[in-house]
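> Reading the sequence shown from the start, the letters are residues 126 to 846 in this note's numbering. Built from N, CA and C at the ideal position, the CB exists for glycine as well. Take this structure, written in structure tokens, and hold onto it; I'll ask about it next.
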Amino acid sequence: MTIINVLLPLAIADAYSYLLPDELHAEIGDFVEVPLGSRKMIGVVWPDDGAKPPIKTTKLKAVIAVVEMKPLPLELIKFLNWVCDYYISPKGMGLRLVMNVPEAIGVVKNIDAVRMGTGQVERSTKARDQVLDICEGGETFRKSDLAKQAGVSVAVVNGLLKMGALSMAQMPKFAKFKVPKTDHNLADLADDQHAAADAICQAVAAQKFETFLLDGVTGSGKTEVYFAAIAKAIEQGKQAVVLLPEIALTVDFLQRFENRFGVEPAPWHSGLAKGARERVWRAVASGEAKIVIGARSALFLPFDDLGLIVVDEEHDGAYKQDSGVMYHARDMAVVKANIGKFPLILASATPSLETYLNATSGRYTHVVLDKRHGGAKMPHVRSIDLREHQPESQKFLSEPLITAMKAKLALGEQSLLFLNRRGYAPLTLCRACGHRIACPQCDAWLVEHRFNNRLMCHHCGISIVKPTKCTECEAEDKLVACGPGVERIFEEVELLFPEARIELLSSDIQMNVDEIQRRLNAIAAGECDIIIGTQMIAKGHHFPHLTLVGVVDADLGLENGDPRAAERTYQLLNQVAGRAGREQKQGMVLLQTYMPQSPVMRAMIAQDREAFYKAEAYGRELANLPPFGRLASIIVSSKEQKKAFAFARTMIEAAPKITGMVILGPAPAPMGFVRGRHRVRVLARAPKGFKMQDWLKSGMLTLKPVGDLKVQVDTDPYSFF
Ligand SMILES: [Zn+2]
Ligand SMILES: [Zn+2]
């Protein structure tokens, strides 16, 4: 008997010790079944970190069985340990990110199928002949697939089985992923694309760790460049993964990939059905799936031999996980590439300040594509000062914007109105008593959604039927909608342009993937004059007839206490602006703003990105904010605000005093009340390079919350609500 460590996919900090009976053999990374209390669970044999004192073997339980499957790669184990250390998360939660497809653990069994038999057909019919024709080649089929393909009922197949013309057989549960053809449909690369692709392909061929910032405006052909790098990785026998924000993972994008490589990629996202998840997980582990295109969690798939990571739209906030292990997929992709010793591509038209500074300082290799290809020109950007051009009362579009839209409509070209706010109105107010209708369990106003006549909280999701009288003073018909959401803009546009074809795209309007794709295709085909949309419209879609983008509220998001607010607004506005004029026609972007002099607006209008980054970097350096300093956010929550405050104060007292460290709080978090719990925030700010994790672990985190107290630590916060 030997003692081994087994990590279980639970919220536990470390691996447990178990006895391995002599008749079993297990190495690090092997999946094993072990007893836990009265349950049985599957965990992974974990390396010993030497931290635990020796244990008496008499107290240990024994491993029940070793699961027959490929062990987890050592690099993945190293990666998980790194991620959990960095984000101060229980290691078991890290393992859970990998083992979240329970069906995929264990041997995959074949399934029942049918094939051509030796028996005679008693009486030939058209339906029977159709089935037998398909089976002629000797292949095996699922019964239902065969019937479907032949256009007959399953009863016909059963009949043929009974007479022996078909026989039962076994077949693999999943269809295989085909090997991508690296030279299937080579794009004609322009000179700058060629140079960029060559530089990256060299690093792929050498299989060394190197981070590239692939920096190019919308339409400059970044995708073709990283497709070339992927082709190189495949030729080297390696796997590659492309990470995208979930919202950008469209059928369009997967199709683009298929056109280039001649086969379907392995997709990975939250909408995947159970069977499809199992298929991808297994195929990634075996090395059969060469290319995965997925959302942030694809980083935790058990790759057999990964040789390249691409993080597209690297600046996107969707890469940060906001619960459980609060990892940032872009940052962890850098760690993963470093552990695995292979290159990494971060692609963006508006890189995050962190990445931009790493690239300009030489830490990352900066590859720039600054031309739009296919003859498209950069759009003209202008601001509309709303102090001068006030929209009419209860209206939100200014006269210059309306005039521009009229002109486009007359020319038969498309306009897009962008407002990153779902629903009809963000606030409902009583004109009699001034009461504002708030969520009963959050610090948030209820947002009116007129299409279903409800008021809804965008934080916790509760909704109520829109009341007809004030919930406070009971006055009838005194409730008014304040401010615009996209539904309200839709209403305004309908009145202004009764003859126009208008399309509203917002993530909360219930549409399935096919429906969204159908609408996007219709817009691209020119079957619509005016598009109104939220953030979902900003990503990657290609609308050749679109020449005017109007941003209804360019200031939205600028003043919310988030150190990255200006950067995010700038990135979002740029992305939206990039929708205009992607073909031969010149595009125009109009920004409605009350702050035309803000650095964000000035940089947008001058299209002067470097000036924006410079100003932004200067401001953050002065304030010691990331990437010039480090932040950690500690949120203490409880049903009683007093308890949360008291615990936060004891945590601060327990923290070692360090010069240069600033502790802000405890203070009510900007969202001080969510889902019925009071949230109190402590923000710690330290100089760059400071070991924030060690400092937290040696002080604040030595205190264990009791009762209903909860503590959430984020060592690199991106969300400040
Ligand atoms: Zn009232
Ligand atoms: Zn709420």
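Report yes if the C-beta of I587 is less than 7 Å from at least one heavy atom of ligand 2; otherwise report no.
Under cutoff, so the answer is yes.
> If I measure Cβ to Cβ from S508 and keep anything under 7 Å in the same chain, skipping five residues before and after, which residues do I get?
For S508, where only same-chain residues beyond five positions count, the Cβ hits under 7 Å are L716, T718, P721, M726, I730.
> If we count Cβ pairs, one from each stretch, closer than 8 Å, do we get three or more for the segment 823 to 836 versus the segment 216 to 235?
Touching, no.
> Strictly by DSSP, which residues pair up with M241?
According to DSSP, M241 bridges with L291.
> Below 8 Å between beta carbons: does that hold for A238 and Q327?
Not closer than 8 Å, so no.
> Relative to the C-alpha of N578, which residue among E601, C598, A550, A557 is closest?
Checked all of E601, C598, A550, A557; the closest Cα to N578 is A550.
> With distances taken between CB atoms, is the gap from T630 to G658 smaller than 8 Å?
Note on identity: in this sequence residue 630 is Leu, with Thr being the wrong assignment. Their beta carbons are under 8 Å apart, which means L630 touches G658 by this criterion.
> When we look at the beta-carbon of A472 and count the other beta-carbons within 10 Å, is it buried (16 or more) or exposed?
That one is buried.
> I'd like to know if the segment 331 to 350 and the segment 695 to 705 are in contact, where contact means that at least 3 CB-CB pairs between them fall below 8 Å.
Counting Cβ pairs under 8 Å, three or more are found: they touch.
> Name the residue from E599, W570, T528 whose alpha carbon lies nearest to the alpha carbon of A557.
Selected option, being the one with the closest Cα: E599.
> So which of W171, T375, K303 has the shortest CA-CA distance to L121?
Outside the shown range of the chain, which is 126 to 846, sits residue 121, and nothing can be said about it.
> Span of the alpha helix (DSSP H) holding P724?
Taken as a continuous stretch (DSSP letters only), the alpha helix (DSSP H) holding P724 covers 724 to 731.
> Is D437 helix, strand or coil by DSSP?
Residue state, collapsed to three classes: strand.
> Would you identify the three-state DSSP class for V277, choosing helix, strand or coil?
If DSSP states are grouped into helix, strand and coil, V277 belongs with coil.
> Suppose you measure from the CA of A625 to the CA of R561; what does that come to, to the nearest Å?
Rounded to whole angstroms, A625 to R561 spans 35 Å at the Cα level.
> Would L199 and G154 be called neighbours here (beta carbons separated by less than 8 Å)?
Going by C-beta atoms, L199 is nearer than 8 Å to G154.
> Using CA atoms only, rank isn't needed, just tell me which of G537, H514, A474 is closest to L671.
Among G537, H514, A474, the Cα nearest to that of L671 belongs to G537.
> What are the complete alpha helix (DSSP H) segments, minimum 4 residues, inside the segment 534 to 590?
List check, alpha helix (DSSP H) in window: nothing returned.
> How about the segment 190 to 198 and the segment 222 to 231: do they share at least three Cβ pairs that are nearer than 8 Å?
Touching, yes, given that three or more Cβ pairs across the two stretches are closer than 8 Å.
> Please confirm whether any heavy atom of ligand 4 lies closer than 7 Å to the CB of E538.
With respect to small molecules bound, the structure shown includes ligand 1 and ligand 2 and not ligand 4.
> Nearest by alpha-carbon distance to L482: which of H440, D447, R497 is it?
Taking only the C-alpha atoms, the option nearest L482 is H440.
> If I measure Cβ to Cβ from Q318 and keep anything under 7 Å in the same chain, skipping five residues before and after, which residues do I get?
Around Q318: G346, E349, V350, L494.
> Pick out whichever of Y738, R806, E746 has its Cα sitting closest to the Cα of Q766.
Measuring from the Cα of Q766, the nearest candidate turns out to be R806.
> Can you name, in chain order, every residue of its own chain whose Cβ lies under 8 Å from the Cβ of D510, other than the five neighbours on each side?
Cβ neighbours of D510 beyond the five flanking positions: T718, Y719, P721.
> For D839, count neighbouring Cβ atoms within 10 angstroms of its own Cβ and tell me buried if that reaches 16, exposed if not.
So D839 counts as buried.
> Going straight from the alpha carbon of S823 to that of M817, what length do you get?
Distance between the alpha carbons of S823 and M817: 10 Å.
> Assuming L369 and D447 form a contact by the criterion Cβ under 8 Å, report the distance between their Cβ atoms to the nearest whole angstrom.
Not confirmed; about 18 Å, so no contact.
> Who are the Cβ neighbours of Q274 in its own chain at under 8 Å, not counting the five residues just before and after it?
Closer than 8 Å at the Cβ level, and outside the excluded window around Q274, lie I259, F266.
> Just to confirm, are L469 and Q364 a CB contact at a threshold of 8 Å?
No; because the gap between Cβ atoms is not below 8 Å, this pair is not in contact.
> Flag this pair as touching only if the segment 392 to 403 and the segment 306 to 326 have three or more C-beta atom pairs under 8 Å; answer yes or no.
The segment 392 to 403, when compared against the segment 306 to 326, does not touch it at the 8 Å Cβ threshold.
> In terms of alpha-carbon separation, which member of L426, P791, R643 lies closest to A410?
The residue with the shortest Cα to Cα distance from A410 is L426.
> Taking 7 Å as the cut-off, is the beta-carbon of A794 closer than that to any non-hydrogen atom of ligand 2?
Result no, Cβ not under 7 Å from ligand 2.
> DSSP three-state label for A650, please.
Coil, per DSSP.
> Is it right to say E573 is buried, meaning 16 or more other beta carbons lie within 10 angstroms of its own, or is it exposed?
Under this definition E573 is a buried residue.
> When we look at the beta-carbon of D118 and count the other beta-carbons within 10 Å, is it buried (16 or more) or exposed?
Absent from the structure is residue 118, since the part of the chain shown begins at 126 and ends at 846.
> With burial defined as no fewer than 16 other Cβ atoms inside 10 Å of the residue's Cβ, what is the status of Q515: buried or exposed?
Counting Cβ neighbours within 10 Å, Q515 comes out exposed, since fewer than 16 surround it.
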